[in-house]
Each structure stands twice: as structure tokens, then as C-alpha cells.
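Visitor: Pasting in a structure now, in C-alpha cells, and then I'll have a few things to ask.
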Amino acid sequence: MRGWLAAILILVGLSLPAFAVQPEEVLADKELETRARTISAELRCLVCQNQSIDDSDADLAKDLRIIVRERLTAGDDNEAVLDYVVSRYGEFVLLKPRFSVRTALLWGAPLLLLLAGATVLIMNRRQLSSEASAELSSDERKRLDAILKDG
């Protein structure tokens, strides 16, 4: 029974998020440290790519955590810190990209393609149905009657 309990505790412990922030990086001011953690959770580790810099052990993530803390200590607000990091590393560093014309096109392109495809299908179907329901001219009607009588 104890073995199962130990195994469960180990699995639960391994499933919890591991924060990679080293003790020497932590700011003495609790408010600034909380802000640093909030900002770090929004920044992508450029090495790991699917982790925030707060969760990554990569050297670049550590450098970014230090930059965030330096900027906060210098008096920047959260948005200014994010702007500074984005200006140096690009929009890709943000885990949740900001809304812009580029991102709107990126997110809206699948919908636009779907609408264009549906429009083409509807127009094509209308054209086929109008062609199929066209009335026969009198000459065509006479020829059809003749074919049906002969056949």
C-alpha cells in the first residue's frame, strides 16, 4: 500500500509545473517579483518554443528572465517590458501574439478560404441547376419527339 502511495505522490509531483527561476534571480521586492512572474508567463522560450521563460531551464530563458527583472527594477511598467523584449526578439517571443493586421490575416485566412470555397460551390451548383432546367426550343422538342417515336 505504501508503494502505491509513494508512486502516486511521485507522479503528482512530476506533473506539477516546474519553475526554472533560480533563487539568485528572485527579486527581494515581492510586488516586483509577482510582476516579473506574470510577464515571464507571457514570454516564450525561444529555445524550447512551447514553454514560457518561467518554465524553461535554457540559458536564453534565464537571460530573458534577468532582462525582465532588470527592466522592472529600472521602473518600467509591464507593457514597457513586453515592448522592450518584443523589439529585441520579435513578436514570436510572445506566447499570445498581439492583435494586428498581420495576425488578423493569419487567423482570418482559413475562414476567408472557407467562405470563398463555399461561394464557388454555390455558384457552380446554381449554374448547373439553371442549365439542367432550361426549356427546350421548338426545334429541339420536335427532334426529341422524333427520336422517341423511332426508338
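Sequential numbering from 0 applies to the sequence shown in numbering that gives the first Met the number 0. For each residue, glycine too, the CB sits at the ideal point set by N, CA and C. Predicted model only: the values in this text are computed from it and were never measured.
(1) With three or more C-beta pairs closer than 8 Å as the rule, is the region 114–123 touching the region 72–86?
(2) So Lys95 is in the alpha helix (DSSP H); what residue range does that whole segment cover?
(3) Do you know offhand how far Ala35's Cα is from Ile66's?
(4) Does the count of Cβ pairs from the region 28–45 and the region 83–96 closer than 8 Å reach three?
(5) Beta carbon of Leu45, beta carbon of Tyr88: below 8 Å?
(6) Since Leu113 and Thr72 are thought to touch, with beta carbons under 8 Å apart, how far apart are those beta carbons, to the nearest angstrom?
(7) In the structure shown, what three-state DSSP assignment does Ser55 receive?
(8) Assign Leu63 to buried or exposed, taking buried as 16 or more other Cβ atoms, counted over all protein chains shown, within 10 Å of its Cβ.
(9) Using a Cβ-Cβ cutoff of less than 6 Å, which residues in the same chain neighbour Leu59 once the five nearest sequence positions on both sides are dropped?
(10) Does the distance from the CB of Leu135 to the CB of Leu127 come in under 8 Å?
(11) Could you give the distance in angstroms between the alpha-carbon of Lys29 and the alpha-carbon of Lys61?
(12) Do you know offhand how far Pro109's Cα is from Ser55's?
(13) Can you give me the start and stop residues for the alpha helix (DSSP H) that Leu31 sits inside?
(14) Counting along the chain, where does the alpha helix (DSSP H) carrying Asp149 start and finish?
Guide: If we stick to the structure as given:
(1) Because the criterion of three Cβ pairs below 8 Å is not met, the region 72–86 and the region 114–123 do not touch.
(2) Taken as a continuous stretch (DSSP letters only), Lys95 belongs to no alpha helix (DSSP H), as it is neither H nor E.
(3) Distance between Ala35 and Ile66, taken at the CA atoms: about 10 Å.
(4) In short, these stretches touch, since the Cβ pair count reaches three.
(5) Yes. Within cutoff.
(6) The Cβ separation is near 48 Å, so there is no contact.
(7) Ser55 sits in coil when the DSSP states are folded into three classes, being neither helix nor strand.
(8) Buried, because 16 or more other Cβ atoms sit within 10 Å of the Cβ of Leu63.
(9) Excluding positions up to five away in sequence, the list reads Leu45, Val46.
(10) Not a contact, by the Cβ cut-off of 8 Å.
(11) Computed Cα separation, rounded: 19 Å.
(12) In this structure, the alpha-carbon of Pro109 lies about 32 Å from that of Ser55.
(13) Looking at the DSSP string, the run of the alpha helix (DSSP H) that includes Leu31 is 29–41.
(14) Asp149 -> alpha helix (DSSP H) spans 137–149.
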